[in-house]
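Here the first sequence stands for residues 3 to 588, numbered as in the working numbering.
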Amino acid sequence: MKHKLECLLQHAVEALKAQGILDRELTVQINLERARDAQHGDFATNLALLLTKPAKLNPRQLAEKIVAELPLDNLLTKVEIAGPGFINFFINPDSQFQIVRQIHDAGPDFGLSSIGAGKRVQVEFVSANPTGPLHVGHGRGAAYGSAVADLLEAAGFEVEREYYVNDAGRQMDILATSIWLRYLEECGEVLPFPSNGYRGEYVREIAFKLHKKAGNDYRRPAELVQEDIPADEHQGGDKEKHIDALIERAKTLLGAEQYRIVFQAGLDEILEDIKDDLEEFGVTYQHWFSERLLMDDGSVQEALQRLDAAGFLYRQEGATWFASNRLGDEKDRVVVRDNGQTTYFASDIAYHMNKLDRGFDRIVNIWGADHHGYIPRVKAAMQALGADESKLKVLLVQFAVLYRGEERVQMSTRSGEFVTLRQLRNEVGKDACRFFYVMRKSEQHMDFDLKLATSRSNENPVYYVQYAHARVCSVFRQLDEKGRKRDLLLGMDNLNLLTEDHESALLLTLSKYPEILERAAVLYEPHQVIHYLRELANQFHSYYNAHQFLVDDDKLCNARLNLISAVKQVLINGLTLLKINTPETM
RNA sequence: GCGCCCGUAGCUCAGCUGGAUAGAGCGCAGCCCUCCGGAGGCUGAGGCCAGAGGUUCGAAUCCUCUCGGGCGCGCCA
């Protein structure tokens with residue numbers, strides 16, 4: 003409907019160009035909107051206002067000329083010029099009824115579009131370090147990222163979801179060493195735990211399993227482990243030097259082979275936990291991409307060579323620097339440290355080179371807001387590699403602050419007492435969890451109220467939407483109990499009986515769903531779908547209270563049943579897209 | 001100090017790439033089941049869109065500054 007009107011307007015513009023009112027070279031962006039007020043019809047455009055200057059006419063005169071060029075179509079009952087020069091379109095009400103038929107015919111596919119035209123988009127999200135379970139902060143990225151990916155897919159893009167696993171680097175060594183130290187405790191060795199180690203309970207559990215499986219194979223005497231290790235922080239030393247020394251000690255005492263096994267045990271265990279966690283949250287990936295792989299297969303070296311060949315690398319103070327400042331970054335960045343090790347950023351350059359080489363039309367990265375300073379350097383690297391940096395879209399997700407009623411829930415990663423995503427899901431359930439996370443615009447700081455999310459009352463927006471669905475189901479159960487049969491065709495033939503205000507409003511809202519999905523996908527704004535579903539549910543509940551569906555008149559009854567059936571279908575489509583359940587009873 | 005995000009009803013937030021009279025939920029004050037599920041509906045009070053300039057037919061929306069809140073500015077990952 004919307005596209006059709008846009009076409010008509012485009013033709014009118016061409017006609018004005020032919021008449022010499024508008025310059026032929028002028029490109030015109032048609033801006034057609036849903037009218038906010040029913041008095042302004044169904045759609046409105048500000049076209050005449052925008053073209054006032056190039057046409058050198060006042061807006062109302064210009065609007066008249068545009069309207070004169072619009073072919074009369076039986077879709078429209080009226081086109082009028084209003085206010086300063088808006089053109090308002092009134093859609094033939096009969097055509098509005100057809101939305102019920104369209105929804106019925108399309109079923110689960112209603113709302114899907116092909117604007118993506120099969121273009122390949124990669125969406126990378128969460129990508130939390132596998133050094134511990136996901137916490138609530140990752141939850142928002144997971145819910146938002148998967149919703150964006152699912153929306154893009156619904157809009158006709160070919161989507162690949164990816165998780166970048168940081169399985170290389172110092173943090174992983176700290177984890178491996180932490181596990182080993184806990185393992186030694188399991189074996190009966192007595193030794194202090196480093197202040198900088200991972201203290202979470204999960205580390206003990208992994209150590210426990212390792213001990214159960216391997217017995218004392220990796221046991222070494224505590225004296226040897228401790229010998230000549232520099233003091234920890236609480237002993238007046240440097241915690242970083244302390245932990246680094248312990249890592250080295252673990253590597254020497256265990257040897258490369260055994261160290262690798264302990265390391266791998268931790269990585270596997272945690273990654274498995276993250277995968278399960280996300281899967282239970284309705285989040286799945288096509289690829290789990292290993293950082294270590296990039297280092298092992300020479301990709302990092304290759305990326306650096308390419309930067310060097312392009313003249314973007316130089317050496318200073320023993321390190322190798324990438325001249326990102328020349329490409330808009332606030333300063334240059336180290337890619338190879340003076341000790342010869344490549345930095346995390348070097349891996350990331352190689353990773354983005356790899357993404358580009360895979361030929362995606364668009365690359366979407368979803369990051370926590372704390373990484374925003376990272377964007378310029380990654381874009382700089384893409385440019386230096388000769389790539390089109392506009393292919394990369396970085397979406398930032400702001401932090402969520404947890405509340406339980408008035409009280410703020412404290413999170414502390416160090417102590418290992420942080421609230422995990424799993425705990426959150428167990429407390430509020432998957433549906434409320436996803437709904438709440440996606441309900442807010444991603445760049446908006448949000449307060450996540452656990453008390454509200456768990457309340458089974460009218461305060462809770464999740465139940466409100468689900469209840470609308472359950473109510474429709476209930477009406478059909480009631481129909482059954484009364485021994486009546488639904489007559490689909492009779493209802494379709496009598497849609498024109500749906501003339502109540504509540505019914506017109508619902509028909510209009512239903513017809514907006516495809517536009518909402520498109521818009522939400524293009525703008526990466528899944529919260530728009532939530533808002534739409536709340537509005538739809540609200541209108542349904544109003545309708546339910548105002549009118550009886552199971553009336554004696556078979557024609558009217560079946561027309562209404564078809565209408566609420568369409569409501570049900572759209573609720574299902576929207577909620578399913580967001581991976582939220584649609585229970586038939588609650 | 002520099003950079004990014006945010007500031008809209010008492011609270012939590014929408015506001016359709018600049019449009020017509022700024023919206024919703026919660027909370028508050030009332031009301032509505034002889035009726036398909038009251039986890040619902042209806043009515044009402046509540047706003048200088050942080051503040052000041054600017055851009056134009058028109059600004060909550062764009063630009064500049066100020067004030068407030070969050071987050072970044074490592075040879076960490």
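Yeah, the Cβ is synthetic: ideal placement off N, Cα and C, and Gly gets one too. Everything numeric in this text was worked out from a predicted model, so none of it was measured.
Between H374 and the rest of its own chain, which residues show a CB-CB distance below 7 Å, the 5 nearest in sequence each way excluded?
-> By one-based count along the first sequence, residue 374 stands at place 372. Contacts found: L398.
By Cβ distance, which residues of its chain are closer than 6 Å to G284, with the 5 residues on each side in sequence left out?
-> As a working mapping, residue 284 is identified with position 282 in the first sequence. Cβ neighbours of G284 beyond the five flanking positions: K581.
For D279 versus L394, is the C-beta spacing smaller than 7 Å?
-> The count along the first sequence starts at 1 and reaches residue 279 at position 277. The count along the first sequence starts at 1 and reaches residue 394 at position 392. Their beta carbons are not under 7 Å apart, which means D279 does not touch L394 by this criterion.
Whose C-alpha, out of G485, H106, R436, is nearest the C-alpha of D554?
-> Your numbering for residue 554 matches position 552 in the first sequence. When only C-alpha atoms are compared, the closest one is G485.
Using the Cα positions of S392 and P378, report the straight-line distance between them to the nearest angstrom.
-> Working through the first sequence from its first residue, we reach residue 392 at position 390. Working through the first sequence from its first residue, we reach residue 378 at position 376. Cα-Cα distance, rounded: 12 Å.
Rounded C-beta distance between A561 and L509? I'm assuming under 8 Å.
-> Numbered from 1 along the first sequence, position 559 holds the residue referred to as residue 561. Numbered from 1 along the first sequence, position 507 holds the residue referred to as residue 509. The Cβ separation is near 11 Å, so there is no contact.
Can you tell which of A539, A252, P516, T587 has its C-alpha closest to the C-alpha of F157?
-> Sequence index remark: in the first sequence, residue 157 carries index 155 (1-based). Looking at the sequence shown, residue 157 is not Phe but Ala. Minimum Cα distance to A157 is reached at P516.
Give the DSSP-derived three-state secondary structure of H244 in the structure shown.
-> Translated into positions along the first sequence, residue 244 becomes position 242. It is helical.
V302 versus A108: straight-line alpha-carbon distance, rounded | For the purposes of this step, residue 302 is taken as residue 300 along the first sequence, with counting starting at 1. For the purposes of this step, residue 108 is taken as residue 106 along the first sequence, with counting starting at 1. Answer to the nearest angstrom: the Cα atoms are 48 Å apart.
For my contact list, T179 and A252 are in at a C-beta cut-off of 8 Å; report their separation, rounded to the angstrom.
-> As a first step, residue 179 must be located in the first sequence, where it is residue number 177. As a first step, residue 252 must be located in the first sequence, where it is residue number 250. Yes, T179 and A252 are in contact; Cβ-Cβ is about 5 Å, under 8 Å.
Apply the 10 Å Cβ neighbour rule to F401 and answer buried if 16 or more other Cβ atoms are within range, or exposed otherwise.
-> In the first sequence, counting from the first residue as 1, residue 401 sits at position 399. Under this definition F401 is an exposed residue.
So what does DSSP say about R172, is it helix, strand or coil?
-> Counting from one through the first sequence, the residue named residue 172 turns up at place 170. Three-state result, R172: helix.
Would you kindly work out how many angstroms separate the C-alpha atoms of I181 and V337, rounded to a whole number?
-> Within the first sequence, residue 181 is the residue found at index 179, counting from 1. Within the first sequence, residue 337 is the residue found at index 335, counting from 1. Those two C-alpha atoms are separated by around 29 Å.
Beta carbon of S326, beta carbon of A382: below 7 Å?
-> Counting from 1 along the first sequence, the entry for residue 326 is found at position 324. Counting from 1 along the first sequence, the entry for residue 382 is found at position 380. In contact: S326 and A382 (Cβ atoms closer than 7 Å).
From L52, F450, Q124, pick the residue whose C-alpha is nearest to that of R364; which is it?
-> On the first sequence, position 362 is the one that residue 364 refers to. Minimum Cα distance to R364 is reached at Q124.
Which residues in the same chain have their Cβ closer than 6 Å to the Cβ of V30, if we skip the five residues on either side of it in sequence?
-> What you label residue 30 is simply residue 28 of the first sequence in a count that begins at 1. So the qualifying residues of the chain are V15.
Is it right to say E520 is buried, meaning 16 or more other beta carbons lie within 10 angstroms of its own, or is it exposed?
-> Within the first sequence, the letter at position 518 stands for residue 520. By the 10 Å Cβ count, E520 comes out buried.
Note the first and the last residue of the continuous alpha helix (DSSP H) segment covering I377.
-> The count along the first sequence starts at 1 and reaches residue 377 at position 375. Where I377 is concerned, the enclosing alpha helix (DSSP H) stretches over 377-386.
Classification of P110 by the beta-carbon crowding that lies within 10 angstroms, buried from 16 upward | For the purposes of this step, residue 110 is taken as the residue at position 108 of the first sequence. Exposed, because fewer than 16 other Cβ atoms sit within 10 Å of the Cβ of P110.
Would the C-beta of Y220 count as close to the ligand PLP, meaning under 6 Å from any of its heavy atoms?
-> Ligands in the displayed structure: none, and consequently the ligand PLP is not present.
Is R436 buried or exposed, if buried means 16 or more other CB atoms sit within 10 Å of its CB?
-> For the purposes of this step, residue 436 is identified with residue 434 of the first sequence, where counting begins at 1. By the neighbour-count rule (16 or more Cβ atoms within 10 Å), R436 is buried.
Rounded separation between L53 and V411 - CA only = To locate residue 53, count along the first sequence from 1; it is residue 51. To locate residue 411, count along the first sequence from 1; it is residue 409. So the alpha carbons of these two residues sit roughly 54 Å apart.
Candidates I208, T254, P223, P194: closest to E235 by CA position | Walking along the first sequence from the start, residue 235 turns up at place 233. E235 has its Cα closest to that of P194, out of I208, T254, P223, P194.
Terminal residues of the continuous alpha helix (DSSP H) containing L78?
-> Translated into positions along the first sequence, residue 78 becomes position 76. No alpha helix (DSSP H) holds L78; the beta strand (DSSP E) holding it covers 78-84.
What's the gap between the Cα of R416 and the Cα of F450?
-> Taking the first sequence and counting its residues from 1, one reaches residue 416 at position 414. Taking the first sequence and counting its residues from 1, one reaches residue 450 at position 448. Bear in mind that the predicted position of R416 carries a pLDDT of just 49, short of 50, making it unreliable; the figure below should be weighed with that in mind. Cα to Cα, R416 sits roughly 22 Å from F450.
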